[in-house]
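2 protein chains.
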Amino acid sequence: MATIRDVAKHAGVSVATVSRYLNGKGYVGADTAQAVQRAITDLNYEMNAVARSLTTKQSNLIGLILPDITNPFFPELARAVEDVALTYGYTVVLCNSDENPEKEKNYIETLQKKYVAGFIVTSSQHNRDVYMELKKPMVALDRPIDASIPCVISNNRQGLKDSTRSLIQSGCKELLFVEGPNHIQSASERKQGFEEAMAEVQHVKEHHIQANFHFDESYEKVKAYLTAHPEVDGIATSSDVAALGAIRACTELGLAIPQDIQIIGFDGIQLGEMLSPPLSTVRQDIYKLGAMAARILIKQIEKEPLESLYYEVPVELVHRGTTRS
Amino acid sequence: MATIRDVAKHAGVSVATVSRYLNGKGYVGADTAQAVQRAITDLNYEMNAVARSLTTKQSNLIGLILPDITNPFFPELARAVEDVALTYGYTVVLCNSDENPEKEKNYIETLQKKYVAGFIVTSSQHNRDVYMELKKPMVALDRPIDASIPCVISNNRQGLKDSTRSLIQSGCKELLFVEGPNHIQSASERKQGFEEAMAEVQHVKEHHIQANFHFDESYEKVKAYLTAHPEVDGIATSSDVAALGAIRACTELGLAIPQDIQIIGFDGIQLGEMLSPPLSTVRQDIYKLGAMAARILIKQIEKEPLESLYYEVPVELVHRGTTRS
DNA sequence: ATTCTATGTGTAACCGGTTACACATAGTCG
DNA sequence: CGACTATGTGTAACCGGTTACACATAGAAT
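Chains A and B are the protein sequences, given in the same order. If you read the first sequence in the UniProt record's numbering, its first letter stands for residue 1, the second for the next number, and so on. If you read the second sequence in the UniProt record's numbering, its first letter stands for residue 1, the second for the next number, and so on.
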């Protein structure tokens with residue numbers, strides 16, 4: 001593998017000139033530029049990324065920290081991040097935090113030693129300080145960290161408001177809301193949306209349970225609740241996976257969906273469409289969320305100005321098979 | 001951030017000694033070791049990964065190349081790889097190849113410039129040579145590349161054989177096999193398994209269609225086929241996602257699952273369990289697949305001997321709601 | 001004509017590690 | 001007792017880039 005010195009020698013110039021040419025910094029005469037380019041082509045030179053990082057204290061690595069890639073919401077996000085990272089010449093490192101602040105912190109440290117260019121984080125929230133001290137470009141994805149850190153997020157409140165309203169409009173009188181973990185801001189915003197929609201009407205009874213974003217817990221809690229409260233005729237959930245749990249609970253209780261009970265999820269994971277019946281839901285533009293986060297991060301890395309610190313991407317109600325539209 | 005020279009000075013020794021101590025190579029006297037350790041603790045020294053990579057031409061990055069993290073089979077795989085990578089001190093770079101050999105090749109080159117320690121690849125096959133020339137540790141995951149390259153794979157043949165047999169045993173007389181893309185070896189092995197099972201019996205009619213591993217194509221082709229051949233009473237597919245497509249087709253045609261028609265998938269993606277009814281399938285131990293691949297890669301990186309070049313992980317028939325067991 | 005500025009290029013130090021080699025000491029063996 | 005080996009440590013070159021600074025030239029401004 002040719003080095004910059006080989007190129008310099010071959011072109012009959014100094015390494016500094018080659019370096020300037022490569023980075024487009026400083027003056028390089030037209031003839032010289034040609035000669036250098038020629039040498040580069042001849043020798044099939046490619047720059048050594050590691051050596052470069054050592055002096056510039058900057059790599060083209062992007063750290064993507066998320067709770068668990070296994071949660072169906074995240075692969076699409078990761079995919080989007082990777083796609084735009086690639087087009088800008090960055091490479092993404094995948095980090096599963098398991099909602100564990102300690103793990104999150106370790107990853108951050110490890111990556112800093114590698115001079116990562118920046119972070120995209122769906123944070124476990126507990127450790128805002130870790131991020132505040134970090135003098136690296138970063139963006140918070142799906143979950144805000146601090147007002148000073150750029151954030152890309154769906155309009156959660158509006159989404160749940162829409163889904164709740166639609167359930168009400170299609171005749172539900174006893175509405176169960178399966179909340180997410182409310183210490184996560186996006187979950188509590190969704191709850192707020194639900195409540196706002198409920199506040200608009202009378203004569204609709206409100207039921208609540210809380211579950212994490214996992215299938216099992218949702219399934220069990222919904223089943224228990226429905227057994228005790230058979231009058232429930234509509235379920236809004238805070239995630240699609242929770243909706244899947246609810247569907248299972250209803251199916252096992254012999255309830256027909258959407259005839260006896262309507263169900264609407266939240267997220268718009270791809271698998272929702274593949275279900276039979278397909279899942280009605282509030283679709284977040286997951287890909288866009290990820291793509292925007294990546295673009296905003298890269299803007300920071302490349303010192304371009306940001307228009308805003310808060311990017312909200314709209315959300316869309318999708319009626320499919322589990323609601324009576 | 002303290003450097004190795006700071007540590008050396010603080011401990012009153014030379015950098016060489018510190019380096020030896022850090023890497024456990026060469027002789028270091030007991031007293032000296034103590035002094036050095038002391039200095040390290042005092043200064044809170046952490047080694048600079050980039051500088052180290054520059055001389056050793058080796059990083060602790062692992063390249064994970066797979067077709068598309070968005071395909072539900074892969075997140076669990078990625079998760080497993082990441083988990084074991086983490087415990088051994090490696091970091092994983094996520095690369096989506098889109099089954100595009102060109103993209104795959106680019107990633108390999110980019111990562112080589114970063115001195116990656118090795119690759120785990122679910123390859124797009126077309127470019128065996130790219131890998132053969134590569135003088136890096138690597139392992140083929142789910143899809144063999146070459147007999148000389150360690151490979152971790154499920155027993156695909158046996159799996160499809162099992163699922164087909166079980167459909168036959170539960171009374172199917174007209175069996176439709178939804179094949180995958182046969183240029184992918186694991187897909188053609190599955191097909192082989194199907195055929196072996198069919199060869200064991202008479203009086204069971206065989207139907208074939210081919211689809212990629214995606215929902216839409218499977219849905220459309222199955223629907224068309226079933227419309228033309230309403231006698232089909234069982235479907236075995238080459239992937240769970242294809243099974244989802246088949247389920248949708250059947251549902252739309254008014255067929256009851258599993259009463260009118262039984263369906264069995266292949267893969268064991270987590271979402272299969274969340275369906276209602278839950279999907280019968282041949283479960284690959286996806287996590288194990290990924291974890292083994294990672295371990296085998298790391299063994300190579302750390303120059304430990306491999307017991308074998310071919311690791312087959314068993315597969316398990318899981319009867320859930322879409323078959324009459 | 002003189003000074004100033006913009007342009008163009010090279011020298012050498014530096015980033016933070018690793019390691020070949022030289023050198024020193026001390027115990028062992030014949 | 002001299003030669004040999006195992007142990008312990010330091011010097012300095014090296015990995016492959018970047019960049020501050022010095023120096024040179026030429027046209028523009030005064």
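C-beta: ideal position from N, C-alpha, C; glycine also. Predicted model only: the values in this text are computed from it and were never measured.
The Cβ atoms of aspartate 216 of chain B and glycine 180 of chain B lie no closer than 8 Å to each other. For lysine 173 of chain A, the number of other beta carbons within 10 angstroms of its own is below 16, and it is reported as exposed. Residues of the segment 103-114 of chain B with a C-beta atom less than 7 Å from some C-beta of chain A are Thr110, Lys113 and Lys114, listed in chain order. Listed in chain order, the non-local C-beta contacts of threonine 110 of chain A below 8 Å within the same chain number zero, local neighbours out to five positions each way being set aside. Here asparagine 44 of chain A really is in contact with alanine 2 of chain A; their C-beta atoms are around 7 Å apart, less than 8 Å. For valine 93 of chain B, the enclosing beta strand (DSSP E) begins and ends at 91-96.
Neighbourhood of asparagine 96 of chain B in chain A, by CB distance below 8 Å: Arg79, Glu82 and Asp83, in chain order. Counting only the Cα atoms, isoleucine 286 of chain B lies some 6 Å from glutamate 76 of chain B.
Where lysine 114 of chain A is concerned, there is no enclosing alpha helix (DSSP H), because DSSP gives it neither an H nor an E.
Lysine 221 of chain A and phenylalanine 213 of chain A have their C-alpha atoms roughly 12 Å apart.
A Cβ-Cβ distance of about 13 Å is found for the pair isoleucine 153 of chain A and aspartate 146 of chain A, leaving them out of contact under the 8 Å criterion. The beta carbon of alanine 249 of chain B is closer than 7 Å to those of Tyr219, Val222, Lys223 and Leu226 in its chain, skipping five residues each way along the sequence. Below the 7 Å Cβ cutoff, chain A contributes Leu54 as neighbours of alanine 51 of chain B, in chain order.
Scanning chain A for C-beta atoms nearer than 7 Å to the C-beta of isoleucine 247 of chain B yields Ser276, reported in chain order. Glutamine 202 of chain A and proline 150 of chain A have their C-alpha atoms some 39 Å from each other. Counting only runs that start and end inside the segment 173-257 of chain B, the beta strand (DSSP E) elements of at least 3 residues fall at 174-179, 205-210 and 234-237. Residues of the same chain with a CB within less than 7 Å of the CB of lysine 114 of chain A, apart from the 5 flanking positions on each side, are Ser59 and Leu61 in chain order. Here the C-alpha atom of isoleucine 257 of chain A lies approximately 45 Å from the C-alpha atom of isoleucine 108 of chain A. About 6 Å separates the beta carbons of arginine 5 of chain A and valine 15 of chain A, which is inside the 8 Å limit, making them a contact pair.
Among the residues facing chain A, asparagine 23 of chain B is not included, as its CB has no counterpart in that chain under 8 Å away. The beta-carbon distance between proline 67 of chain B and threonine 122 of chain B, rounded to whole angstroms, is 6 Å. This is short enough to meet the 8 Å contact definition. Around the beta-carbon of lysine 191 of chain B, 16 or more other beta-carbon atoms lie within 10 Å, marking it buried.
In the DSSP assignment, valine 84 of chain B falls within the alpha helix (DSSP H) that extends over 74-87.
According to the DSSP assignment, arginine 283 of chain A belongs to the beta strand (DSSP E) that extends over 281-284. Taking each of B:Tyr90, B:Ala80 and B:Ile65 in turn and checking the Cα distance to isoleucine 301 of chain B, the smallest one comes out for B:Tyr90. Interface criterion met: the Cβ of threonine 91 of chain B is under 8 Å from a Cβ in chain A. By the Cβ criterion, the segment 83-99 of chain A is not in contact with the segment 29-46 of chain A, since fewer than three pairs of Cβ atoms, one from each stretch, lie closer than 8 Å. For glycine 159 of chain B, the three-state secondary structure derived from DSSP is helix.
Residue-level contact check: glutamate 217 of chain B does not touch chain A, since none of the beta carbons of chain A fall below 8 Å from its beta carbon.
Annotation for glutamine 262 of chain B: the continuous beta strand (DSSP E) segment containing it runs 262-264. Each residue's CA atom was taken as its position, placing valine 84 of chain A and valine 116 of chain B some 22 Å apart. Taking 8 Å as the upper bound on Cβ-Cβ separation, chain B lies near residues Glu46 and Met47 of the UniProt domain "HTH cro/C1-type" (3-47) of chain A. Contact with chain A is found for glutamate 76 of chain B, since one of that chain's Cβ atoms lies less than 8 Å from the residue's Cβ. In this structure the segment 297-314 of chain B does not touch the segment 293-307 of chain A; the number of beta carbon pairs closer than 8 Å is below three. By the neighbour-count criterion, in which a residue is buried when 16 or more other Cβ atoms sit within 10 angstroms of its Cβ, threonine 41 of chain B is exposed.
In chain order, Met274 make up the part of chain A whose C-beta sits under 7 Å from the C-beta of leucine 244 of chain B.
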